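Residue numbers (UniProt numbering), protein chains in the order written: chain A, 1 to 163; chain B, 1 to 221. Using N, Cα and C, we set each Cβ at its ideal position, and we do this for glycine too. Remember, predicted model here, so these are calculated numbers, not experimental data. Below is one structure; the comments refer to it alone.
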């Protein structure tokens, strides 16, 4: 039987974050994009103690934990700031989307979603009500910056996925 | 069902954080990014990171323990080379975290964070001290049973697991809404076993705890 999930709790901050965890590519990497946004609860309040993990689907040639040097890693991790914000710097993904996991106090198991940077999500996501589907689309804010908020609950609740 | 639900009102923080829509079941797509996962190089993890008693100038206070087990996939096959991260309170029930307000002493010789990669047979092994129980503000007179937080990767992002390992026979189990959020029959999977074969005579008690990851979607059941 599968081992059950339990919440990450509020006190992971001295253990799981690591230097450069949010930087899948070093600063100045050609074509790098930044994904940023906030994690919000059902009252619209920021979640200051969430941990996000980003996965591009390609391990790349840079360490997942050791961030020294150049190259591209497929994995990143970012704890939210007091205002619920997070950020990742990544190479443009080979796919239309990035896989995202969110852990937090109050989440007994993580929520998972996808950040679509370009293109329209295929099935089964294309069958979603357009307003719900829009929660999966990152909004371009600058040449290399995309905004993607995660709403855990409520009217604009992000579409969460199960595999 | 193995996993707890998102909404478990006895654990108050779930009320505003649990999604209200059920997750959308994705189609089986062999190209999905989520069917792969990060790979961790041996050089990325210091072997000393598996000994949580070694980081300070002296030994931490508390009952020294060994915690070991295997990381297995849903078919029972060991998962080698995967990252296991742990964190915990010290023996007094206090986390080395700035927002932990429990008025119990910090231990300058104990941070309470460790990590390792599993060996070729999927085994992990940590040396640490037994964490203390501690109060939390979920409800009046709320106390968490002693536990160690575990984070495990596996071979696919769909297998990613964060959980908590408990110690056998803890009288706080029946009062803990976080453990009790797990459907009854599955709760025992979160409780380690005292194992004299893991125990090191005249040195440390040993606890054994295996972790079984979920199915990956393209895997034969």
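Beta-carbon spacing of residue i, residue j below 8 Å
| i | j | result |
| --- | --- | --- |
| residue 145 of chain A | residue 36 of chain A | yes |
| residue 62 of chain A | residue 21 of chain A | no |
| residue 167 of chain B | residue 146 of chain B | yes |
| residue 179 of chain B | residue 213 of chain B | no |
| residue 72 of chain B | residue 210 of chain B | yes |
| residue 91 of chain B | residue 59 of chain B | no |
| residue 68 of chain B | residue 124 of chain B | yes |
| residue 138 of chain A | residue 148 of chain A | yes |
| residue 54 of chain A | residue 98 of chain A | yes |
| residue 7 of chain A | residue 189 of chain B | no |
| residue 40 of chain B | residue 65 of chain A | yes |
| residue 99 of chain B | residue 134 of chain B | no |
Rounded Cβ spacing between residue i and residue j (contact assumed at less than 8 Å)
| i | j | result |
| --- | --- | --- |
| residue 163 of chain A | residue 22 of chain B | Between residue 22 of chain B and residue 163 of chain A the Cβ distance is about 14 Å, and since that is not below 8 Å, they are no contact. |
| residue 40 of chain A | residue 84 of chain A | 6 Å |
| residue 43 of chain B | residue 153 of chain A | Not really, about 41 Å apart at Cβ, beyond 8 Å. |
| residue 117 of chain B | residue 83 of chain B | 6 Å |
| residue 156 of chain B | residue 1 of chain A | Actually they do not touch by this definition, with Cβ atoms about 19 Å apart. |
| residue 96 of chain B | residue 14 of chain A | 5 Å |
| residue 159 of chain A | residue 205 of chain B | The Cβ separation is near 46 Å, so there is no contact. |
| residue 118 of chain A | residue 96 of chain A | 6 Å |
Check: residue i C-beta below 7 Å from any heavy atom of the ligand GDP
| i | result |
| --- | --- |
| residue 126 of chain B | This structure does not include the ligand GDP; it has no bound ligands of any sort. |
Closer than 8 Å to chain A by CB, residue i
| i | result |
| --- | --- |
| residue 192 of chain B | no |
| residue 221 of chain B | Its pLDDT being 43, under 50, residue 221 of chain B is placed unreliably by the model, and the measurement read from it follows with that caveat. Not an interface residue. |
| residue 66 of chain B | no |
| residue 117 of chain B | no |
| residue 121 of chain B | no |
| residue 145 of chain B | no |
| residue 51 of chain B | no |
| residue 203 of chain B | no |
| residue 105 of chain B | no |
| residue 155 of chain B | no |
| residue 59 of chain B | no |
| residue 181 of chain B | yes |
| residue 131 of chain B | no |
| residue 125 of chain B | no |
Proximal residues of chain B, C-beta to C-beta of residue i below 7 Å
| i | result |
| --- | --- |
| residue 161 of chain A | 23, 24, 26 |
| residue 75 of chain A | 38 |
| residue 57 of chain A | 33, 36 |
| residue 106 of chain A | 13, 14, 17 |
| residue 25 of chain A | The contacting residues do not exist; residue 25 of chain A stays about 15 Å from chain B at best. |
| residue 153 of chain A | 16, 17, 18, 19, 20 |
Neighbour flag for residue i against chain B, beta carbons, 8 Å
| i | result |
| --- | --- |
| residue 22 of chain A | no |
| residue 71 of chain A | no |
| residue 103 of chain A | yes |
| residue 120 of chain A | no |
| residue 95 of chain A | yes |
| residue 42 of chain A | yes |
| residue 157 of chain A | yes |
| residue 99 of chain A | yes |
| residue 88 of chain A | no |
Proximal residues of chain B, C-beta to C-beta of residue i below 8 Å
| i | result |
| --- | --- |
| residue 149 of chain A | In chain order: nothing, as chain B lies at least about 14 Å away. |
| residue 123 of chain A | 27 |
Proximal chain A residues relative to residue i, where beta-carbon distance stays under 7 Å
| i | result |
| --- | --- |
| residue 229 of chain B | This structure cannot speak to residue 229 of chain B, because chain B is shown only from 1 to 221. |
| residue 214 of chain B | 2 |
| residue 158 of chain B | 163 |
Residues that residue i contacts on chain A, provided the C-beta gap is smaller than 8 Å
| i | result |
| --- | --- |
| residue 95 of chain B | 11, 14 |
Chain-ordered chain A contacts of residue i [CB-CB under 9 Å]
| i | result |
| --- | --- |
| residue 41 of chain B | 63, 64, 65, 66 |
| residue 134 of chain B | By Cβ distance, chain A contributes nothing, its closest Cβ being about 10 Å from residue 134 of chain B, past 9 Å. |
If you pair each beta-carbon of the stretch 83-90 of chain A with each one of the stretch 7-25 of chain A, do three or more pairs fall below 8 Å?
Cβ pair count under 8 Å is three or more, so yes.
Does the structure place the stretch 104-111 of chain B close enough to the stretch 163-173 of chain B that three or more beta carbon pairs sit under 8 Å?
Flag = no, the stretch 163-173 of chain B and the stretch 104-111 of chain B do not touch.
How about the stretch 61-75 of chain A and the stretch 32-45 of chain B: do they share at least three Cβ pairs that are nearer than 8 Å?
Under the Cβ criterion (8 Å, minimum of three pairs), the stretch 61-75 of chain A counts as touching the stretch 32-45 of chain B.
Would you call the stretch 100-110 of chain A and the stretch 118-128 of chain A touching, i.e. three or more CB-CB distances under 8 Å?
The way I'd put it, the stretch 100-110 of chain A doesn't touch the stretch 118-128 of chain A; fewer than three beta-carbon pairs between them come closer than 8 Å.
For the pair the stretch 120-130 of chain B and the stretch 51-67 of chain B, tell me if three or more CB-CB distances fall below 8 Å.
Taking one beta carbon from each stretch, the stretch 120-130 of chain B and the stretch 51-67 of chain B have 3 or more pairs nearer than 8 Å; the two touch.
For the pair the stretch 136-145 of chain B and the stretch 183-203 of chain B, tell me if three or more CB-CB distances fall below 8 Å.
No, the stretch 136-145 of chain B does not touch the stretch 183-203 of chain B.
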